[in-house]
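Novice: Residue numbers (the working numbering): 685 to 870. For every residue, glycine included, the Cβ atom is placed at its ideal position computed from N, Cα and C. Keep in mind the model is a prediction, meaning the values are calculated, not measured.
#1: Quick one, which of 733, 691, 698 has its alpha-carbon nearest residue 710's?
#2: With DSSP collapsed to three states, give me the class of residue 693.
#3: Can you list, in chain order, the residues of its chain with a C-beta nearer than 6 Å to that of residue 840? Leave out the 5 residues immediately preceding and following it.
#4: Could you say which of 741, 749, 837 lies nearest to residue 807 if we only look at CA atoms?
#5: Mind checking which residues open and close the alpha helix (DSSP H) that includes residue 833?
#6: Quick one: give me the first and last residue of the alpha helix (DSSP H) that residue 770 is part of.
#7: Between residue 884 and residue 737, what straight-line distance do the alpha-carbon atoms span, to the nearest angstrom?
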């Protein structure tokens with residue numbers, strides 16, 4: 685959970701968009717395999733839609749934020765050897781493996797904070813994609829220590845605070861703690 689480079693240059697934004705588009709295209713290619721209307725819902729490798737936007741009356745749109753879900757990098761496992769072993773095992777899991785641990789990442793532009801945007805987007809993602817398309821059983825989230833608003837959003841959609849790792853992230857040259865949350869489905 686490191687922040688963007690500072691200063692953030694246009695080439696940083698273009699590189700990030702290229703990464704997002706490549707990942708979305710990979711997920712969509714996986715889903716393009718033939719499905720019949722009578723068949724089961726095909727399990728996905730992730731969610732290809734990540735941008736939160738508002739459609740304006742004139743048809744244009746306004747960028748509001750980002751909401752992505754990925755296979756977890758298992759950053760809560762501090763021992764590097766153990767993490768590498770778990771990630772190697774996870775890499776072999778297919779889209780239909782319900783033991784995959786997912787991680788959710790989100791942010792809203794500052795001028796739209798505290799308007800319920802992320803709660804609504806995350807609720808919709810969980811109901812319409814995470815459960816039927818990912819068959820997710822466990823999702824992790826991490827926030828910088830003291831980010832109460834983000835913790836409240838996650839708790840509203842069923843995440844539970846699991847713990848804090850002190851001095852975990854380097855943010856603008858300052859060591860910050862990270863709070864870990866989990867969402868589980870039985």
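Specialist: Once the coordinates are examined:
#1: 733
#2: coil
#3: 803
#4: 837
#5: Residue 833 -> alpha helix (DSSP H) spans 832-840.
#6: 764-775
#7: Residue numbering for the chain in the displayed model covers 685 to 870; residue 884 lies beyond these limits and cannot be assessed.
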